[in-house]
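S.K.: I'd like to ask you about the structure that follows.
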Amino acid sequence: AQSVAQPEDQVNVAEGNPLTVKCTYSVSGNPYLFWYVQYPNRGLQFLLKYITGDNLVKGSYGFEAEFNKSQTSFHLKKPSALVSDSALYFCAVRDIGDYKLSFGAGTTVTVRA
Amino acid sequence: DTAVSQTPKYLVTQMGNDKSIKCEQNLGHDTMYWYKQDSKKFLKIMFSYNNKELIINETVPNRFSPKSPDKAHLNLHINSLELGDSAVYFCASSPRGTHEAFFGQGTRLTVV
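Chains as they are written, first to last, in the working numbering: chain A, 1 to 113; chain B, 1001 to 1112.
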């Protein structure tokens, strides 16, 4: 079985400050990990993924995430947040060889000017 | 040239009715999905097809029936709609294996 936990329902930061959105996962094999963003009344947009290789992956809009196997985490980060980053962020995991993509409960990010 | 398109975008209907949501992807992907997003924004997978074959069928009432006429289409038919079916339904597609899924814009279903 695979699962994802996003421990924070909400994250609030000031514009220009670093942004971190936390994610931990559980899989039986090797994980494929993803981050998505959802703006109000929109579909999910893919941000970045970890499949293999370098633990630090870079994605769209200046976001990056670090895969930590020992802590089973895949936290999303942005060095300097923008007001336009305010949205709902989802972490997702797929177990190797599995078609199923499981999502966390989502974290609402609010960046204040 | 929308990659994953769903129709309709909004659907308001009465309890007991039967309705369908259509999904098409022009990405050439092998795998397609239906997800339900509830009022708390939680995303739950419902079904998945790979090359027209059903591969994921989560615990979903049998009033929900997916149909994949070809690799590029995955439709969702819902019989005897109930108030609790009100949600946003997302279609998505993915190449095989490790790749990410691409999502449609969603269909907001409201049952009154």
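Even glycine gets a Cβ: it sits at the ideal position worked out from N, Cα and C.
Output the residue ranges of the alpha helix (DSSP H) runs that lie fully inside the segment 1021–1075 of chain B and measure 4 residues or longer, sorted by chain position.
M.R.: none
S.K.: Output yes if chain B places a C-beta closer than 8 Å to the C-beta of A/LEU76; else output no.
M.R.: Counting from 1 along the first sequence, the entry for residue 76 of chain A is found at position 76. So, not an interface residue.
S.K.: What residues in its chain sit with their C-beta under 6 Å from that of A/ASN30, if we drop five residues either side in the sequence?
M.R.: The residue you call residue 30 of chain A lines up with position 30 of the first sequence. Setting aside the 5 residues that flank it on each side, A/ASN30 is surrounded in the same chain by ILE96, each with a C-beta closer than 6 Å to its C-beta; the list follows chain order.
S.K.: Looking at the secondary structure, which residues open and close the beta strand (DSSP E) in which B/LEU1109 lies?
M.R.: Working through the second sequence from its first residue, we reach residue 1109 of chain B at position 109. That run of the beta strand (DSSP E) goes 1107–1111.
S.K.: Should B/TYR1010 be labelled buried (16 or more other beta-carbon atoms within 10 Å of its own) or exposed?
M.R.: Here residue 1010 of chain B refers to the residue found at position 10 when the second sequence is read from its first residue. So B/TYR1010 counts as exposed.
S.K.: Comparing C-alpha positions only, which one of A/TYR61, A/GLN2, A/LEU33 and A/THR20 sits nearest to A/GLN10?
M.R.: Counting from 1 along the first sequence, the entry for residue 10 of chain A is found at position 10. That would be A/THR20, whose Cα lies nearest to the Cα of A/GLN10.
S.K.: Under 8 Å by Cβ, that's how I've got B/TYR1089 and B/ILE1045 pegged, so tell me the actual separation to the nearest angstrom.
M.R.: Along the second sequence, read from residue 1 onward, the residue named residue 1089 of chain B stands at position 89. Along the second sequence, read from residue 1 onward, the residue named residue 1045 of chain B stands at position 45. About 12 Å; that fails the 8 Å criterion.
S.K.: Per DSSP, which residues does A/LYS100 bridge with? Please list them.
M.R.: The residue given as residue 100 of chain A occupies position 100 in the first sequence. Paired residues: none, contrary to the question.
S.K.: Could you check what DSSP says for A/ASP95 in three-state terms: helix, strand or coil?
M.R.: Taking the first residue of the first sequence as position 1, residue 95 of chain A is located at position 95. Of the three classes helix, strand and coil, the one that applies to A/ASP95 here is strand, per DSSP.
S.K.: Tell me which residue opens and which closes the beta strand (DSSP E) that B/GLN1014 is part of.
M.R.: Here residue 1014 of chain B refers to the residue found at position 14 of the second sequence. If you look at B/GLN1014, you'll find it isn't in any beta strand (DSSP E); DSSP assigns it neither H nor E.
S.K.: Apart from the five residues on each side of it in sequence, which residues of its chain come closer than 7 Å, Cβ to Cβ, to B/ASN1079?
M.R.: As a working note, residue 1079 of chain B is residue 79 in the second sequence. ASP1018 and ARG1063.
S.K.: Beta strand (DSSP E) containing B/CYS1091: first to last residue?
M.R.: For the purposes of this step, residue 1091 of chain B is identified with residue 91 of the second sequence, where counting begins at 1. Here the beta strand (DSSP E) through B/CYS1091 covers 1087–1094.
S.K.: Could you give the residue range of the beta strand (DSSP E) that holds A/PHE63?
M.R.: Your numbering for residue 63 of chain A matches position 63 in the first sequence. Neither: A/PHE63 is in no beta strand (DSSP E) and is coded neither H nor E.
S.K.: If distances are taken between C-alpha atoms only, which option among B/CYS1091, B/PRO1061 and B/LEU1054 comes closest to B/GLU1082?
M.R.: For the purposes of this step, residue 1082 of chain B is identified with residue 82 of the second sequence, where counting begins at 1. Of the candidates B/CYS1091, B/PRO1061 and B/LEU1054, the one whose C-alpha sits nearest the C-alpha of B/GLU1082 is B/PRO1061.
S.K.: When you compare each of A/ARG112, A/ALA1 and A/TYR89 to A/LEU48 by their alpha carbons, which one comes out closest?
M.R.: Translated into the one-based positions of the first sequence, residue 48 of chain A becomes position 48. The residue with the shortest Cα to Cα distance from A/LEU48 is A/TYR89.
S.K.: If you draw a straight line from the alpha carbon of B/LEU1109 to that of B/SER1086, how long is it in whole angstroms?
M.R.: Position 109 of the second sequence, counting from 1, holds the residue named residue 1109 of chain B. Position 86 of the second sequence, counting from 1, holds the residue named residue 1086 of chain B. About 5 Å.
S.K.: With 16 as the cutoff for other CB atoms within 10 Å, does B/ASP1070 come out buried or exposed?
M.R.: To locate residue 1070 of chain B, count along the second sequence from 1; it is residue 70. Label assigned to B/ASP1070: exposed.
S.K.: Once the 5 residues before and after B/ALA1101 are set aside, which same chain residues still bring their CB inside 6 Å of it?
M.R.: Numbered from 1 along the second sequence, position 101 holds the residue referred to as residue 1101 of chain B. Closer than 6 Å at the Cβ level, and outside the excluded window around B/ALA1101, lie ALA1092 and SER1094.
S.K.: Distance check for B/GLY1016 and A/PHE103, CA to CA, integer angstroms please.
M.R.: One-based indexing of the first sequence puts residue 103 of chain A at position 103. One-based indexing of the second sequence puts residue 1016 of chain B at position 16. Looking at the two C-alpha atoms, the distance is approximately 30 Å.
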